[in-house]
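As structure tokens, the structure follows; a few thoughts come after it.
Numbering (mature numbering (1 follows the signal peptide of the UniProt record, and there is no 0)), first residue to last: -17 to -1, 1 to 686.
Structure (structure tokens):
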């Protein structure tokens, strides 16, 4: 804390010290008349860095020649600064003068004699009042008396502040322990920025003597330093000796690049290192101006990357690549990045500090799809050569004709290997075509009219939908799909239980030949499940229809293919007189079973005649006969000849469940199922009307 010390010494009293930077002092009894015979002293003290200023505000002291009676005296800096008395405007009066000390001490003395009055007068004098304050010293300013010897407080630069000052040095110099003098200290300067300026101490003024400077430039590995000398180059030299006095050496990466002196600038020096040392040595004499340089850095370059093939894409494209630059390599559509034998999702390479890419360039390899899926009962054919499964390879699907036809999702059988390695059709679909059996198109359609009882033997390909069923006896069935056989319910259901779990027991299914012995030697088709119409009642023939679902699909050929089911517009197939063909392995004559497939052509009969024939036959049956209570329902139709008893053209035991097939345009349709009759070859036979069950049939087939 800055403070003033004020001591008042008097003949009869002494004032205590005051700690203040300013204040008032006054003669005793002021503003009343000061006393006689008084001797008073005030001592003012301020801290270092300050001096004292004093100004009299009121001054009224008895005048005398040479101020010998009453007076005020001021001392400072070991000398008297003034002796004052008299009224205002007298020559000994201080007036508005500002009395200033150079140091930190000031003393004010007051003295009065035996009377406070002018000789022979009754005038009394008031005394004085003065104001003092501490004033900051400007230690850095030149003294008022410039003729006197003076030593500057700082060797280089002086900085004044209130209460003191401090020194600093010019660039390249270091303030010494005395806090005043400066000396060059350039033994270990480190520069780490990517560019900058370096100069000799004091530049552009002459550099000092006895220098041993070491300027080190250190930048990140991967950068190369270049040095360019700028402006003046002036180092003390000798005309006949190489730099005997002062020298400048430049060392790059541990290798001396040159030793320089004189007035010829070295110009620009390019190094291949990230480390440069500049050594500057001077002797004890000389007045050369020195030097200045500008150093810059440049990152190392990596070679321009080259693609290994014409399918690689390198980005970004640049005229040159340097440290920290990176490239991204991708492939054209349909090609995949490969690093050695490893497939990459992405590839990035970084330019390293040694001027190389941190990983070798990849290659682009054409993508491959998996082998195309082969549709069941179909195949694919390559449309492109060579026959590979690579990008843009194209195939087309076909089915095994004439037994299968193609069903496509978007009417496209052409598929291409796409860039995502998936085979897709022309519309982007991924689902391959399906080969579905062609129905109702026998390879050797039957012509003419024959009969089963003593009828004609079927030839290969006449009735490829004919199925032989064995379940506690022989029965027939109709192939209506790869997995489905249609038959009569009474062939399946042997008990009165409605949903009998035994329906599938002991059921054997054969297809694909006209000879029973050969059929039985063939593999039995495994049954997955059996569906008997829910309205069928055991012992009766209404709703006499059942479906068999095979475990595995049937493969179609000349002797195996499904028959079509009636459509919505096929009701005309049931018109009277329409001829249909019944085929089977049933009895050909009484108690004789055929081992060969036989067939007969039978016409549809008017419904009223069917009813009349049934009544006539039932009237001849004993009361215990189950057929006697049978009814001819709307779910049935009958076919045959009224004179069948004579012509012996009819179906018989063993044919039940077999087909009644009718031609509809260019296809064959399963119009009916052999259901029941009264005797064999003794009139009309009765058939389940398939058209009445299409909703139920499709419900199962679509499931």
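Beta carbons are placed, not taken as given, at the ideal position from N, Cα and C, and that holds for glycine. Fair warning: this is a prediction, and the values are worked out from it, not measured in the lab.
DSSP lists 670 as the bridge partner or partners of residue 620. Three or more Cβ pairs drawn from the stretch 359 to 367 and the stretch 412 to 421 lie within less than 8 Å of each other, which places the two stretches in contact.
DSSP places residue 680 inside the alpha helix (DSSP H), whose first and last residues are 677 to 684.
For the pair residue 531 and residue 375, the Cα-to-Cα distance works out to about 45 Å. The three-state reading of DSSP puts residue 194 in coil, since its state is none of H, G, I, E or B. When secondary structure is reduced to three states using DSSP, residue 346 falls in the strand class. Across the structure, residue 16 and residue 99 are spaced so that their CA atoms are roughly 8 Å apart. In this structure, DSSP gives residue 210 an extended state, which the three-state scheme calls strand.
Along the stretch 3 to 88, the beta strand (DSSP E) occurs as fully enclosed runs of 3 or more residues at 5 to 9, 22 to 28, 33 to 43, 54 to 59, 62 to 67, 81 to 83, listed in sequence order.
The closest CA to that of residue 439, considering only 351, 310, 582, is found on 582. The beta carbon of residue 396 sits closer than 8 Å to the beta carbons of 379, 380, 381, 389, 408, 416 from its chain, once the five residues preceding and following it are set aside; these are given in chain order. Relative to the Cα of residue 549, the nearest Cα in the group 468, 511, 463 belongs to 463. Closest option to residue 227, judged by alpha-carbon separation, among 268, 287, 250: 268.
Residue nearest to residue 566 within the set 490, 518, 645 is 645 (criterion: CA-CA distance). Straight-line measurement puts the Cα of residue 366 at about 48 Å from the Cα of residue 672.
Taking one beta carbon from each stretch, the stretch 87 to 97 and the stretch 20 to 33 have 3 or more pairs nearer than 8 Å; the two touch.
Taking a contact to require three or more Cβ pairs closer than 8 Å, the stretch 253 to 261 and the stretch 226 to 240 qualify as touching. Closest by C-alpha distance to residue 643, out of 448, 392, 76, is 448. Assigned with DSSP and collapsed to three states, residue 117 falls in strand. Under the three-state reduction of DSSP output, residue 593 falls in the helix class. Nearest neighbour of residue 301 by Cα position, chosen from 586, 393, 334, 181, turns out to be 334. The three-state reading of DSSP puts residue 473 in helix, counting H, G and I together. Relative to the Cα of residue 426, the nearest Cα in the group 350, 521, 541, 472 belongs to 541. Counting along the chain, residue 259 sits inside the beta strand (DSSP E) bounded by residues 258 to 264. Nearest neighbour of residue 473 by Cα position, chosen from 345, 517, 466, 584, turns out to be 517. Where residue 494 is concerned, the enclosing beta strand (DSSP E) starts and stops at 491 to 494.
As DSSP reads the structure, residue 652 sits in a beta bridge with 547, 645. Taking each of 587, 545, 552, 523 in turn and checking the Cα distance to residue 610, the smallest one comes out for 523. In the three-state reduction of the DSSP assignment, residue 320 falls in the strand class, which pools E and B.
With a cutoff of 8 Å on beta-carbon distance, residue 79 and residue 42 are scored as not near each other. Counting C-beta atoms within 10 angstroms of its own C-beta, residue 476 has 16 or more neighbours from the protein chains shown and is therefore classed as buried. Taking C-beta separations shorter than 7 Å and ignoring five residues to either side along the sequence, the partners of residue 647 in its chain run 553, 556, following chain order. The continuous stretches of beta strand (DSSP E) do not include residue 503, which lies in the alpha helix (DSSP H) extending over residues 499 to 504. Shortest Cα-Cα distance from residue 497 to any of 445, 291, 561, 169 involves 445. Between the C-alpha atoms of residue 54 and residue 147 there is a straight-line separation of about 36 Å.
Annotated three-state conformation of residue 396 is coil, per DSSP.
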